[in-house]
Amino acid sequence: MATANIPRKEPEITPELVAEHGLSEEEYQRIVEILGRAPTFTELGVFSALWSEHCGYKNSKPLLRLLPTEAPWVLQGPGENAGVIDIGDGFALAFKIESHNHPSAVEPYQGAATGVGGILRDVFTMGARPIAVLDSLRFGQPTSPRVRYLFSGAVRGAGDYGNCVGIPNIGGEVFFEEAYEGNPLVNVMALGLMRKEQLIRATASGPGNPILAVGARTGRDGIHGATFASEELSDESDAKRPQVQVGDPFTEKLLLEASLELIYSGHIVGIQDMGAAGLASSSSEMAARAGTGVDIDVALVPTREPDMTAYEILLSESQERMLVVAKAGHEDEVRKILEKWELEAAVIGRVTDDGIYRVRENGVVVCEIPGEPLVKGCPTYVREARESETIQALRAWDPYEAERARPLADPTAALRRLLASPNIASKAWVYNQFDSTVRGNTVQEPGGAAGVLRIEGTRRGVAATVDCNGRYVYLNPRRGAMIAVAEAARNLVCVGARPRAVTNNLNFGNPLKPEVYYQLREAVLGIAEACKRFETPVTGGNVSLYNESPSGAIYPTPVIGMVGILDDVARHVTLPFREPGNAIVLLGANTDELGGSEYLKVIHGRVGGDAPAVDLDAEKRLQELVLELADRELLASANDCSEGGLAVCIAECAVADRLKPLGVDVELSDALPTAALLFGEAQGRIVISCAEEHVEEVLRAADRHGVPAARIGTVGEPGGTFTIRTPEAEIRAPIAELAEIYHTAIPRIMDEPTTLAGGTGDA
Amino acid sequence: MNEYVIDVSITPREGLLDPQGKVVLNALRSLDFDEVADVKVGRLIRLRILAPNMEVARERADEMCRRLLANPVTEEYELELENIS
Amino acid sequence: MRVAIVTFPGSNCDHDCYRAATEVLHADAKLIWHRERDLGNPDLVILPGGFSYGDYLRPGAIARFSPIMEEVVRYAKAGRPVLGICNGFHILCEAGLLPGALVRNRTLKFLGLDVFVRVENAGTMFTSAYTEGQVLRLPIAHGEGNYVADAATLEALEAEGRVVFRYVDANGEATDEANLNGSMRNIAGIINERGNVLGLMPHPERAVSALLGSTDGRGIFESILAAIQGTPLGAAIAG
């Protein structure tokens with residue numbers, strides 16, 4: 093190809109331009125080798141996008157290979173739009189998590205909205221109808237007006253988008269920590285359901301088959317979003333505002349219906365979202381998966397603005413667009429379906445058999461790259477890893493130093509403060525802005541241990557949860573990551589679901605810093621170990637690096653999205669205590685763990701000590717026990733013990749039903765320091781309640797599974813007193829008062845004025 | 011035929027609670043813009059239409075407002091026309 | 032019994048209504064695409080919830096001009112039963128089949144949670160399975176459910192018993208606190224003069240299964256079935 097053919101004058105390739113595209117000198121040389129010549133400007137843009145961290149996983153791929161990805165029930169592992177597992181009765185579940193951190197830091201409403209849109213498209217392009225979303229949100233302390241603006245904008249954006257498309261939100265998690273102040277995390281997980289035979293893969297097979305651009309027109313928004321998402325946020329990021337994409341949930345809904353109709357009609361061979369790096373990545377990835385090439389002409393792509401260059405059209409990240417490969421000769425049928433849904437579509441090229449990624453502009457070739465090395469040849473790196481000495485010191489710090497300096501005098505006051513902590517208090521302020529019941533399959537809405545849906549036409553249900561305590565991972569990356577997996581699994585068994593598979597979102601700082609790369613490596617090793625032990629393979633996910641702002645890196649936050657199956661959804665277990673007189677039983681052992689706890693943070697203002705110990709075998713035994721108890725319908729309620737420890741766990745069960753908080757009478761006899769016993773975050777514990785006549789049976793089952801268990805108390809009357817006695821102290825408060833604290837803490841903070849929120853966000 | 015740009019400003023009807031307006035008013039006050047007496051938040055629809063003259067253009071736009079663009083139960087509208095041909 | 036459920040671009044509760052019609056009413060239910068012009072002579076038409084046309088401009092403002100709406104208006108004017116839920120309620124108001132309008136919630140937030148509503152009139156064809164004053168627990172999911180109408184309309188609605196549902200607290204009191212979206216007089220649902228067109232913001236079709244938390248919505252469907260089949264309440268319903 094002669095560069096003289098290029099129809100417009102393109103910038104000259106200089107070392108500065110290469111660097112601006114986030115490519116190293118070495119990577120540029122590799123490109124020259126692949127092409128056998130210098131790249132054009134358009135080609136440089138395409139390489140830069142596909143070899144970004146977001147698309148090419150260049151710093152994470154060698155680590156991701158360490159994760160377990162297989163099990164007999166896995167139908168599709170990593171490498172596709174979403175992972176897929178077999179859930180029985182002929183049904184398959186597609187699911188994936190995705191981050192939209194950087195866009196949300198700049199424009200929270202649109203950032204979160206388009207995050208929901210992208211992950212829904214990843215799921216329905218597998219042939220699955222989206223049935224649920226979950227959000228995992230991390231922001232700075234909400235005492236800051238700026239944080240309230242970002243947080244409320246993200247919640248509204250995620251809500252407006254998902255509500256409009258009509259996908260129920262069934263759960264999530266929200267954390268507020270200083271470490272996320274300049275770089276919030278917005279991760280969204282979506283689940284989709286299909287018949288097994290409806291599974292379709294994003295491939296461009298069959299030379300001669302036409303390639304169509306479907307949906308919204310292409311504009312200049314989000315150009316180089318994928319590279320943007322792979323850089324640290326700086327004060328200049330505000331200047332990058334125009335790159336932020338704007339979501340259109342109405343078009344998304346039409347795309348969803350049209351895509352499923354297309355897939356089920358049999359007129360197409362493959363479909364993929366034009367997401368990160370837009371047309372460039374979707375078209376080249378679809379071809380690479382099939383081992384084919386493509387020949388497309390950007391002049392045929394419907395655009396929103398005149399005079400867009402090939403570079404811009406290829407790299408635009410305008411939302412709500414799909415790339416469809418139809419069967420040759422079926423174009424009319426495809427068009428008819430798209431017309432019904434009032435969607436625009438244009439044939440922009442064909443599949444070829446030469447393996448070349450070829451792009452024309454009005455017939456003139458502007459980009460010609462061997463497809464395989466473009467998509468799969470991104471150089472990968474194993475970086476230098478070294479643990480930060482500051483963190484080592486923090487971990488070695490003895491939390492009892494703080495406790496000795498200011499001993500716990502009034503545990504009731506401490507409980508009140510913990511229940512008012514936004515990390516623990518009810519998140520209803522968030523999820524009441526989401527439609528949780530649309531489509532009429534939601535068995536458990538947000539606010540429980542995990543979301544639960546029934547699978548129509550069967551007795552089964554699916555459950556899903558997203559979990560991570562970034563503080564633990566910060567203090568001890570490997571252990572913290574294991575805890576994230578263990579907690580997700582505990583949440584699933586608490587609703588009666590057997591953990592089946594994982595999707596993860598690795599949110600970390602700049603991997604070129606040895607202390608960040610160390611966190612990433614250790615965390616992946618921790619996830620791998622826990623997922624192997626629990627037989628929950630990782631079927632895909634997302635890597636978001638460079639999450640740093642001028643004030644430093646975020647806590648390393650490997651969010652675990654886990655799905656589980658209930659064979660009989662009617663036996664699902666809920667979180668709130670139900671009946672006065674029911675027995676309260678603790679499954680698992682109380683041990684002396686105070687490190688990394690919410691107690692230390694809220695009461696002593698410290699983040700330090702080691703993350704709690706985690707015993708994967710003990711966790712697995714606990715999971716099996718709770719699953720058996722749920723299956724035998726012996727449980728009235730179950731709640732995983734996590735942030736805030738045992739006292740908070742029991743209080744949550746007592747106040748969860750806002751209309752009917754129940755009193756509690758608990759006696760703990762363990763010989764442990766009071767702070768650790770009440771508020772320590774020892775792992776491997778679940779608090780259940782059951783009818784009095786089932787206590788013996790529960791304890792016998794626990795014994796059989798090798799899980800320590802003890803009857804610790806009794807559920808009291810509505811509006812009664814909350815009491816926990818320990819050998820050295822007592823918590824005592826009217827339950828109505830604790831309920832009030834728990835349910836009003838976040839509204840009290842959030843309904844303070846923010847800076848004026850942008851956007852109208854009409855529902 | 012002439013080409014007209016018509017700005018349709020739609021605002022909540024007088025007397026109807028305008029929660030957005032109230033929030034914006036409070037926000038402005040908290041930024042010390044004490045002189046602000048009232049705020050209404052509505053929306054602007056910009057039309058480009060062809061018509062033989064200003065009168066017809068206004069008539070057509072008015073009909074569009076009555077039939078679709080504004081809800082008479084809750085909204086008021088005003089038209090501003092400019093000949094751009 | 033035959034039920035026609037109209038699907039507009041952006042409807043997202045059509046499927047829920049379909050299931051309620053088939054599972055609760057054991058009806059022969061059909062989804063009708065908005066561009067069609069024939070309802071197929073059903074016994075009941077449902078305009079489902081969702082975000083027709085993305086709620087762009089105003090909820091329901093564009094959908095009311097869909098081709099099928101001419102047929103729906105004719106059907107309603109003939110005295111046949113039409114049920115509009117959430118966005119369907121918006122469309123009925125925009126189409127002039129019900130008075131008033133629904134504007135942005137006073138909280139300026141989308142509200143997605145269970146609320147209590149009181150049955151104010153159990154004498155309609157949609158509510159005969161309930162008793163007057165009965166308190167129902169139903170989900171709401173809307174950003175614009177704040178009912179407004181002029182004083183004369185409100186007086187007429189009250190005087191003629193056409194306020195069918197009102198937001199109340201758990202004890203059945205129509206308090207301001209229970210009126211989350213700020214509706215005038217806590218109005219959650221109204222009926223037309225002739226008594227054949229009902230619009231309401233809460234979602235009865237999502238409250239028809241104990242597994243999903245509430246069966247309080249079944250009464251609406253049971254009432255319609257009884258009215259259409261002329262059968263005594265309860266006799267026609269299995270499960």
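Protein chains in written order, with our numbering: chain B, 93 to 855; chain U, 11 to 95; chain D, 32 to 270. Idealized CB from N, CA, C, for every residue including glycine.
I want to see whether chain D comes within less than 8 Å of residue i, judged by CB atoms only; does it?
i: N81 of chain U; result: yes
i: A350 of chain B; result: no
i: L89 of chain U; result: no
i: T217 of chain B; result: no
i: A207 of chain B; result: Note that residue 207 of chain B corresponds to Gly in the displayed sequence, not to Ala. Taking Cβ atoms only, chain D never reaches closer than 8 Å to G207 of chain B, which makes this a no.
i: R546 of chain B; result: yes
i: T534 of chain B; result: yes
i: R509 of chain B; result: no
i: F342 of chain B; result: yes
i: L26 of chain U; result: yes
i: T84 of chain U; result: yes
i: V33 of chain U; result: yes
Could you tell me which residues DSSP puts in a beta bridge with residue i?
i: K188 of chain B; result: B:A282
i: M654 of chain B; result: B:T557, B:V594
i: A802 of chain B; result: B:L678
i: W64 of chain D; result: D:T38
i: D17 of chain U; result: U:R56, U:E90
i: V76 of chain D; result: D:A35, D:V113
i: C782 of chain B; result: B:A675
i: Y178 of chain D; result: D:L133
i: T649 of chain B; result: B:N599
Taking all protein chains shown into account, decide if residue i is buried (16 or more other Cβ within 10 angstroms of its Cβ) or exposed.
i: L101 of chain U; result: Outside the shown range of chain U (11 to 95) lies residue 101 of chain U, about which nothing can therefore be said.
i: P112 of chain D; result: buried
i: A269 of chain D; result: Bear in mind that a pLDDT of 36 at A269 of chain D, under 50, signals an unreliable position, so the model cannot answer this.
i: L584 of chain B; result: buried
i: R230 of chain B; result: buried
i: E253 of chain D; result: buried
i: A331 of chain B; result: For A331 of chain B, the predicted structure reports a pLDDT of 46, less than 50, and the residue's modelled location is therefore unreliable. The matter cannot be settled from this model.
i: S694 of chain B; result: It is Val, not Ser, that sits at residue 694 of chain B in the sequence shown. When all chains shown are included, V694 of chain B counts as buried.
Hey, does residue i have any beta-carbon neighbour from chain U nearer than 8 Å?
i: G286 of chain D; result: Residue 286 of chain D lies beyond the range of chain D shown here (32 to 270); nothing can be said about it.
Could you tell me whether any Cβ in chain B is nearer than 8 Å to the Cβ of residue i?
i: G154 of chain D; result: no
i: K61 of chain D; result: no
i: G91 of chain D; result: no
So with CB distances below 8 Å, who are the chain A contacts of residue i?
i: L346 of chain B; result: The structure shown contains no chain A; the protein chains it does contain are B, U and D.
>> So, does the region 485-503 of chain B touch the region 704-718 of chain B, judging by three or more C-beta pairs under 8 Å?
In response: With a cut-off of 8 Å, the region 704-718 of chain B and the region 485-503 of chain B do not count as touching, because too few Cβ pairs lie within range.
> Counting pairs of Cβ atoms below 8 Å between the region 234-254 of chain B and the region 602-610 of chain B, do you hit three or more?
Replying inline: No, the region 234-254 of chain B is not in contact with the region 602-610 of chain B.
>> Report the start-end ranges of each beta strand (DSSP E) in the region 441-480 of chain B that is 3 residues or longer and not cut off at the edges.
In response: If we require 3 residues or more, the beta strand (DSSP E) runs fully inside the region 441-480 of chain B come out as 448-453, 456-462.
>> Runs of 3 residues minimum, wholly inside the region 92-168 of chain D: which ones carry the beta strand (DSSP E) assignment?
In response: Listed in chain order, the complete beta strand (DSSP E) runs (minimum 3 residues) inside the region 92-168 of chain D are 113-116, 132-134, 142-150.
> Does the count of Cβ pairs from the region 65-84 of chain D and the region 198-213 of chain D closer than 8 Å reach three?
Replying inline: Cβ pair count under 8 Å is below three, so no.
>> Tell me whether the region 734-748 of chain B and the region 634-653 of chain B touch, counting them as touching only if at least three CB pairs, one residue from each stretch, are closer than 8 Å.
In response: No, they do not touch.
> With a cut-off of 8 Å, do at least 3 Cβ pairs link the region 665-673 of chain B to the region 551-569 of chain B?
Replying inline: With a cut-off of 8 Å, the region 551-569 of chain B and the region 665-673 of chain B do not count as touching, because too few Cβ pairs lie within range.
> Quick one: complete alpha helix (DSSP H) runs, 4+ long, within the region 690-773 of chain B?
Replying inline: Secondary structure remark: continuous alpha helix (DSSP H) runs of at least 4 residues inside the region 690-773 of chain B, in chain order: 690-696, 708-723, 737-747, 766-771.
>> Quick check: the region 719-733 of chain B against the region 496-505 of chain B, are at least 3 beta-carbon pairs closer than 8 Å?
In response: Under the three-pair Cβ rule at 8 Å, the region 496-505 of chain B does not count as touching the region 719-733 of chain B.
>> Assess contact between the region 49-64 of chain U and the region 62-69 of chain D, defined as three or more Cβ pairs (one per stretch) separated by less than 8 Å. Is contact present?
In response: In the pairwise beta carbon analysis, the region 49-64 of chain U is classified as not touching the region 62-69 of chain D: fewer than three pairs are separated by under 8 Å.
> Does the region 822-833 of chain B touch the region 771-788 of chain B, meaning 3 or more C-beta pairs lie closer than 8 Å?
Replying inline: No, the region 771-788 of chain B is not in contact with the region 822-833 of chain B.
> Any chance the region 161-170 of chain D sits against the region 48-59 of chain D, with 3 or more Cβ pairs inside 8 Å?
Replying inline: Under the three-pair Cβ rule at 8 Å, the region 161-170 of chain D does not count as touching the region 48-59 of chain D.
> What beta strand (DSSP E) runs, 3 residues minimum, are completely inside the region 188-269 of chain D?
Replying inline: Runs of the beta strand (DSSP E) spanning 3 or more residues and lying entirely within the region 188-269 of chain D occur at 194-199, 218-222, 228-231, in chain order.
>> Does the structure place the region 215-234 of chain D close enough to the region 121-139 of chain D that three or more beta carbon pairs sit under 8 Å?
In response: By the Cβ test, the region 121-139 of chain D is in contact with the region 215-234 of chain D, since at least three Cβ pairs between them sit closer than 8 Å.
> Are the region 245-264 of chain B and the region 525-541 of chain B touching, with three or more C-beta to C-beta distances below 8 Å?
Replying inline: Cβ pair count under 8 Å is three or more, so yes.
> With a cut-off of 8 Å, do at least 3 Cβ pairs link the region 464-482 of chain B to the region 608-621 of chain B?
Replying inline: Judged by Cβ distances under 8 Å, the region 464-482 of chain B makes contact with the region 608-621 of chain B, as three or more pairs qualify.
> Is there contact between the region 455-471 of chain B and the region 141-152 of chain B, where contact requires at least three CB pairs shorter than 8 Å?
Replying inline: Cβ pair count under 8 Å is three or more, so yes.
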